[in-house]
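> Chains S and H are the protein sequences, given in the same order.
Residue numbering for the first sequence follows the numbering used here, beginning at 15 and increasing consecutively.
Residue numbering for the second sequence follows the numbering used here, beginning at 896 and increasing consecutively.
Just so it is clear, CB atoms sit at the ideal spot from N, CA and C, and this is done for glycine as well.
Here you go, one structure.
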Amino acid sequence: MTTNKAFSVCVQTEPFDLGLEYNQFLVGDRSAGAVASFVGRVRETNDDQSIKQLELEHYPGMTEKVMHEVLIDAQGRWPLLGARVIHRVGALSPGDNIVLVLTSSAHRHAALDACAFIMDHLKTRATFWKKEQTPEGQRWVKGRDSDQEAQARWHAED
Amino acid sequence: MKIRILYFGELREQVGVHEESVDLAGTTRTVSDLITELTARGSVWASALQTDPLRIAVNQEMASLEAVLSPNCEVALFRPVTGG
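Structure follows, in structure tokens:
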């Protein structure tokens, strides 16, 4: 297991381009028969409130470390050829992309399952915090039990 | 013993501090002792730090209240993460 160029993480304020990232992810690759991608976006409503803006804060250093750990965990479970995660921080608006996960493998199940595994673990482990601007003011997003359960289901047989 | 403390998100707003260096009292050994020491600063600190859920990282690893502090360590205090 290695964390090399094929396995990379990035925290950035800038938008990302899925098509561009996909092409760069696969440059020179002729063995990946399957690539899975997930994009998380800002919804215009959350908990019955309309969202004007989302502010994302993180813990520089620890965030990247945890994201790498999640990729290493995924490599331990599936025969992945590569994985890339981009997570944005700063001020975002409804419809903006927040997070991108790309995974590649020889076959589809490894790529799809690893992509879901990585997202479920980013949700519960990566040190990001969201603050919403609603018409009634600002509020910090609370952690969801459903996210904890989504992570836990990967470990039911561990 | 000197340590660095970081506060993030809602907790950062509640205590009004993002980052500080603190010279700990001689009796402060663990994260739990540190919370007690910070809580003594006043009502804002007490209500922020004694409100669950509190999450702790020591040197960028998740830690428990029982974790033992070491000189120059980095302690981060925050609420459960909400990324993705």
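#1: Could you give the C-beta distance for leucine 929(H) and leucine 964(H), rounded to a whole number, given that I count them as a contact under 8 Å?
#2: Quick one: what's tyrosine 73(S) bridged to in DSSP?
#3: Determine the burial state of arginine 98(S): buried for a count of at least 16 other Cβ atoms within 10 Å of its Cβ, exposed for fewer.
#4: Taking only runs of the beta strand (DSSP E) that begin and end inside the region 906 to 974 of chain H, which ones reach a length of at least 3 residues, in chain order?
#5: Are three or more beta carbon pairs between the region 65 to 73 of chain S and the region 90 to 106 of chain S nearer than 8 Å?
#6: Would you kindly report the start and end of the unbroken alpha helix (DSSP H) that includes glycine 979(H)?
#7: Are the CB atoms of arginine 158(S) and glutamine 63(S) within a distance shorter than 9 Å?
#8: Using a Cβ-Cβ cutoff of less than 6 Å, which residues in the same chain neighbour leucine 34(S) once the five nearest sequence positions on both sides are dropped?
#9: Which two residues bound the contiguous alpha helix (DSSP H) that contains arginine 122(S)?
#10: Let's test the definition: count the other Cβ atoms within 10 Å of the Cβ of aspartate 134(S) and tell me whether it reaches 16, buried, or not, exposed.
#11: Could you please give the first and the last residue of the uninterrupted beta strand (DSSP E) stretch that includes alanine 20(S)?
#12: Let me know if valine 939(H) comes out buried or exposed under the rule of 16 or more other beta-carbons within 10 Å of its beta-carbon.
#13: Measure the beta-carbon distance from tryptophan 143(S) to glycine 904(H) and round it to whole angstroms, keeping in mind my assumption that it falls under 8 Å.
#14: According to DSSP, is serine 160(S) part of a helix, a strand, or is it coil?
In terms of the structure at hand:
#1: 7 Å
#2: Partner(s): none; tyrosine 73(S) has no beta bridge.
#3: buried
#4: 914 to 918, 950 to 953, 956 to 958 and 969 to 973
#5: yes
#6: Glycine 979(H) -> no alpha helix (DSSP H), and no H or E assigned at all.
#7: no
#8: none
#9: 122 to 139
#10: buried
#11: Taken as a continuous stretch (DSSP letters only), alanine 20(S) belongs to no beta strand (DSSP E), as it is neither H nor E.
#12: exposed
#13: 3 Å
#14: helix
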